[in-house]
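First residue of the sequence shown: 12, per the numbering used here; consecutive thereafter.
Down below is the structure, laid out as structure tokens.
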Amino acid sequence: MPSRRTYLRTCLGAGLAGVAGCLTDSGTTTPATETDASTGTTTDAPTATATPVPAAGEIAWRESLGGTVEHRPAIGTDRLFAGTESGTVVALSRDGGVSQWTTGTDAPIQDAPVVADESVLAVSGQTALHEHHTVVAFAAGDGTEQWRFEPDDWWLGIVGVSDGTAFVASTDDHLQSDGQTLYALSLADGTKEWSVEIGDNRGGFVAGDTIYIPVFRRLYAVGTDGTTKWTYDIPEYQFNTLAVVGETVALVSAEDFEQPVVHGIDATTGEQRFTFAPEWRAYTTHAVDDSLIVGGGEKIARLDPETGETEWIADLPMALYDAPVVDGTMYVSSRTAAAVSVESGDVVWTTDLDVEFARPVGVTGETLLLHKSAGDEDRNRHVVALDRATGDRRWEFAGDAELTTPALGTDRLYFGEESEIGALKLS
């Protein structure tokens, strides 16, 4: 059911502007009166009120999709695409949330749709044991189904798209370093271009002419032509820590979660370049141009990507899963938010968020946006806007229920909430 439309927010220096009165064709305001025909008495007529214009941090529009939205919407050129637990894929206009088309699959959508060229890709299927996922491609313009890919594998994930090819990896509940498949599919018609054996997929991406796939206890480097370039064996891979900086591939492994190790790997040969395991524990990595930043324990640090030598350390207990960089400044957050110089490691500002955890969403103009959890019983329901120059709070939005990971557009922030897609006005 649609959520309640009561929103808790603090807006500093902004409000709703109502415009009363009737405008003539020339745009001037005239008195609104009417005459009672029986008495000749002139009385005030009802005053028309213009629709209030949302201020920054307020809802620009909402649209019900008729099914629960579990994953972030995907942003296209002028449209927004979202999948639901009921198996529908919906296209909405970005400016007003007007439905452009709705199409259905026969099972829940398992991740955020992927916009590729003129197509929208979605993974459909159940997550129970022995269930098989399907990749379906729809025309972005009208929602027409273009093709579907239904292998015998259990669960599928779209690793990335490059030069007219979609790369799809399989996994199941028996985690291994091999025994699964990476497929290359033509975006035009879904034809399998090639396939190669990998292990159980745990993420990955395409960088240049190489697909990097972390699996159970191993990293695969596969060329976009289907050639396995090299593999690198590791203890337990830490999710979402893969990064490529120049000729170095970095990731974090941890047999014991209390003892994470950063690995630097030669991108050409797959040989180890360095390991980094400080006492303060570096759980995450982040690539910024030619810099490798690590963090997550008591500090964050910049490493030389070729040698692993420490170039600077900042006393900030921040994870780096998401850390936008603008004009040489990196923005990080956890229970506090901070701005850090990528070049020197100098901390520009810190702001106490008084929350359990917050992750940066991105930067728009002069505003840093964060997605925060206030506590165990209030998770992922808030969006906070900070002045990126000072860290001062600008506004806060709170949904009625947990929000999906937001997607940042040019002047809107889009999210799923229960069975709705919402858009926050940003300026």
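Here a beta-carbon is modelled for each residue, glycine too, at the ideal position from N, C-alpha and C.
Just so you know, these numbers come straight off a predicted model, no measurement behind them.
- For the options Ser-302, Val-272, Glu-161 and Leu-303, the alpha carbon positioned closest to that of Pro-289 is the one of Val-272.
- DSSP, read as helix, strand or coil, puts Leu-379 in strand.
- Judged by their CB atoms, Gly-234 and Ala-195 are not nearer to each other than the 8 Å cut-off.
- The DSSP-derived three-state label of Tyr-332 is coil.
- The Cβ atoms of Tyr-342 and Leu-314 lie no closer than 8 Å to each other.
- Setting aside the 5 residues that flank it on each side, Thr-113 is surrounded in the same chain by Thr-99 and Val-101, each with a C-beta closer than 6 Å to its C-beta; the list follows chain order.
- Annotated three-state conformation of Lys-310 is coil, per DSSP.
- Annotated three-state conformation of Gly-433 is strand, per DSSP.
- Only exposed fits Lys-203, as fewer than 16 other CB atoms lie within 10 angstroms of its CB.
- Under the DSSP assignment, Asp-363 falls in the beta strand (DSSP E) whose first and last residues are 358 to 363.
- Residue burial is scored here from C-beta neighbours: Thr-421 has fewer than 16 other C-beta atoms within 10 angstroms and is therefore classed as exposed.
- Scanning Phe-368, Trp-241 and Ser-344 for the CA closest to the CA of Thr-361 turns up Ser-344.
- Of the residues assessed, Val-172 falls on the buried side of the cut-off, its CB having 16 or more other CB atoms within 10 angstroms.
- A distance of 8 Å or more separates the beta carbons of Glu-367 and Ala-348.
- The closest CA to that of Thr-279, considering only Phe-178, Phe-149, Arg-370 and Glu-258, is found on Glu-258.
- Under the DSSP definition of a beta bridge, Asp-277 partners with Thr-259.
- Arg-90 sits close to Ala-151, with the two beta carbons spaced by under 8 Å.
- Taken in chain order, the complete beta strand (DSSP E) segments of 3 or more residues contained in the region 150 to 174 are 156 to 160 and 166 to 173.
- When DSSP states are grouped into helix, strand and coil, Leu-230 belongs to the strand group.
- Considering only Ile-224, Asp-122, Val-134 and Trp-165, the residue with the shortest C-alpha distance to Ser-188 is Ile-224.
- The beta carbons of Trp-158 and Gly-107 sit no closer together than 8 Å.
- For Gly-427 against Arg-83, the beta-carbon gap comes to about 7 Å, under 8 Å, which counts as contact.
- As a beta-bridge residue in DSSP terms, Asn-212 pairs with Val-226.
- Judged by DSSP in its simplified three-state form, Asp-398 adopts strand.
- Membership of Gln-270 in any beta strand (DSSP E) is not indicated, and neither H nor E is assigned to it by DSSP.
- Within the DSSP secondary-structure output, Ile-70 pairs in a beta bridge with Leu-435.
- If you draw a straight line from the Cα of Ser-181 to the Cα of Gly-373, it is about 30 Å long.
- The three-state secondary structure of Leu-140, taken from DSSP, is coil.
- Beta-bridge annotation (DSSP): Gln-191 is paired with Ile-209.
- Here the alpha carbons of Glu-269 and Leu-437 stand approximately 39 Å from one another.
- Classified as exposed, Ser-355 has fewer than 16 neighbouring CB atoms from the shown chains inside 10 Å of its CB.
- For Thr-286, the uninterrupted beta strand (DSSP E) run begins and ends at 283 to 287, by DSSP.
- Contact check for Gly-339 against Val-353 passes: the beta carbons are separated by less than 8 Å.
- Exclusion of the five residues before and after Gln-283 leaves Tyr-243, His-274, Gly-275, Ile-276 and Asp-277 as the residues of its chain whose Cβ lies within less than 8 Å of its Cβ.
- Counted as a single uninterrupted DSSP element, the beta strand (DSSP E) harbouring Gly-94 occupies residues 90 to 94.
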